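Report on the following structure.
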Amino acid sequence: MNIHRFSFPTSIHFGPGARHQVKDHVKSRGWSRVLVVTDRGVALLPFLRQLVQDLSSGGMEAAIFSEVWGNPVKSQVAAGVAAFKQHRADSILGVGGGAALDVAKAVALMATHPGDLFDYEDDKPGARPIDGPLPPWVALPTTAGTGSEVGRSSVISDEATHIKKIIFSPRLLAQAVFADPEVTLNLPAAITAATGMDALTHCVEAYLAKGYHPICDGVALEGLKLAARSLRRCVQTPDDIEARGEMMMASMMGAIAFQKGLGVTHSCAHALGTAANMHHGLANGVMIDHALKINVATAPDRFRQMTLAVEAGSGDGTRFLDWLRRLKADIGIPARLVELGIGQDQLERLARLAVEDSCHQNNPRPCTRRDFEQIFNEAL
595 MNIHRFSFPT SIHFGPGARH QVKDHVKSRG WSRVLVVTDR GVALLPFLRQ
645 LVQDLSSGGM EAAIFSEVWG NPVKSQVAAG VAAFKQHRAD SILGVGGGAA
695 LDVAKAVALM ATHPGDLFDY EDDKPGARPI DGPLPPWVAL PTTAGTGSEV
745 GRSSVISDEA THIKKIIFSP RLLAQAVFAD PEVTLNLPAA ITAATGMDAL
795 THCVEAYLAK GYHPICDGVA LEGLKLAARS LRRCVQTPDD IEARGEMMMA
845 SMMGAIAFQK GLGVTHSCAH ALGTAANMHH GLANGVMIDH ALKINVATAP
895 DRFRQMTLAV EAGSGDGTRF LDWLRRLKAD IGIPARLVEL GIGQDQLERL
945 ARLAVEDSCH QNNPRPCTRR DFEQIFNEAL
């Protein structure tokens, strides 16, 4: 497969081996002191060590900040900013899944902006503007999930409450993305499945989100087609490079499409992340068929189109939900929350957190706290 290059919304270098173009890109920009922001797991992988060696052989000084793990929190960003300043860095290379890439964006922001990170929270009354220059950063994703590499936001949790805070600005967009499916070949099946369900959920909920945005609708539907064709193959035949590439593309497409909005599934997933520190993709995966049921009668045409897109025949949303359940079973995503240790005693808090989350504001059908109680009760 060749390396394809296109700009939407940023410069993307896509294909097996794309990571080998990072060195020349960084060098051509005149950046000489690079901070590599990654997570603890990726930091141990041979390809990352080779990447750092390549930068060094090109005359650049690279330092690694790898204190990212789990759902990223503000203290990780603060530590990354300290590492950036200690290295006297002039640029950032984010390498990893959504957590590492979100931290890379937040480090770039706070390296040049005053105050506290959450002063810049999106839609916060009196929020500080992101109006100054940021150090340039480029992204090398290692999962096919959040699509954070093409996103304009950083999602960081509050350590005290575990509530996710969204920092948003077009200035957070990476200058370039190197999307190399080869780096996903060794992902464990469980991570492949959970991150893949995150990408698929982005496509589905963006397509269903209310509002007029046919560009995002088209991107979301095509991303869903790619995910439907490839996710099982990635889990069941992990060395299928074509399938890995299609899932990486579906991940980016989902992230591009959800600028239109998300929906009820994501509000449920964010509640599970806050209350149980559950992996976001896994939370989306376990909740999607339970949560989407509320939308079937409201958006029948959209469900028909999605049913056709995943080649589940024709008909109403019931067929699409059945297809989702079969997919989950095939790739090892739990059917119900009880399998993940969630009990009836947590239902009230989960419903409260979900209704307070902003994602469901774009859901095609308005959702009340009682709706969320029913959704979580069924999902148990």
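Here the working numbering is used: position 10 in the sequence shown is 604, and no number is missing along the way.
Using N, Cα and C, we set each Cβ at its ideal position, and we do this for glycine too.
Bear in mind the structure is a predicted one, so any value in this text is a computation, not a measurement.
Contact fails between the stretch 793-810 and the stretch 935-943, because fewer than three Cβ pairs, one in each stretch, are under 8 Å apart. Taking the Cβ atoms as the reference, T892 lies roughly 5 Å from P958, within the contact range of under 8 Å. When A903, G857, L921 and E905 are compared, the shortest CA-CA separation from K887 is found for G857. Residue environment: E743 is assigned as buried (16 or more neighbouring CB atoms within 10 Å of its CB, all protein chains considered).
Fully contained in the stretch 743-823 are the following beta strand (DSSP E) runs of length 3 or more, in chain order: 747-751, 758-762 and 770-773.
W663 sits in coil when the DSSP states are folded into three classes, being neither helix nor strand.
A Cβ-Cβ contact shorter than 8 Å links K617 with G652. W625 sits in coil when the DSSP states are folded into three classes, being neither helix nor strand. In the three-state reduction of the DSSP assignment, I850 falls in the helix class, which pools H, G and I.
Under the three-state reduction of DSSP output, F602 falls in the coil class, being neither helix nor strand.
Listed as beta-bridge partners of G690 by DSSP are P735. Taking C-beta atoms under 8 Å as the contact rule, G907 and K758 fail to qualify, at a distance of about 37 Å. Here DSSP, grouped into helix, strand and coil, assigns S685 to strand. Q647 counts as exposed, since fewer than 16 other C-beta atoms from the protein chains shown sit within 10 angstroms of its C-beta.
With the rule of 3 Cβ pairs closer than 8 Å, the stretch 767-777 does not count as touching the stretch 865-882.
Excluding its 5 nearest sequence neighbours in each direction, V675 has C-beta neighbours in its own chain below 7 Å: V701, M704 and A705, listed in chain order. Looking at the backbone, the Cα of S952 and that of A803 are separated by about 13 Å. Here I850 is buried, its C-beta having at least 16 other C-beta atoms within 10 Å. Under DSSP, E972 forms no beta bridge with any residue.
Contact between the stretch 834-854 and the stretch 723-740 is present, with at least three C-beta pairs closer than 8 Å. Shown here for P729: same chain residues with a beta carbon closer than 8 Å to its own, the five before and five after excluded, namely F678, A683, D684, S685, I686, A702, A705 and T706 in chain order.
Around the Cβ of L638, a 10 Å sphere holds fewer than 16 other Cβ atoms; the residue is exposed. I724 sits in coil when the DSSP states are folded into three classes, being neither helix nor strand. The beta carbons of V631 and F608 sit no closer together than 8 Å. If you check the CB distance, L931 and L974 come in under 8 Å. Boundaries of the alpha helix (DSSP H) harbouring T901: P894 to A903, taken from the DSSP string. Judged by DSSP secondary structure, P610 falls outside any alpha helix (DSSP H); it is assigned neither H nor E.
As the crow flies, the alpha-carbon of L915 is around 18 Å from that of G817. The C-beta distance from F762 to V732 rounds to 20 Å, too long to meet the 8 Å contact threshold.
Rounded to whole angstroms, the separation of the alpha carbons of S669 and P708 is 16 Å.
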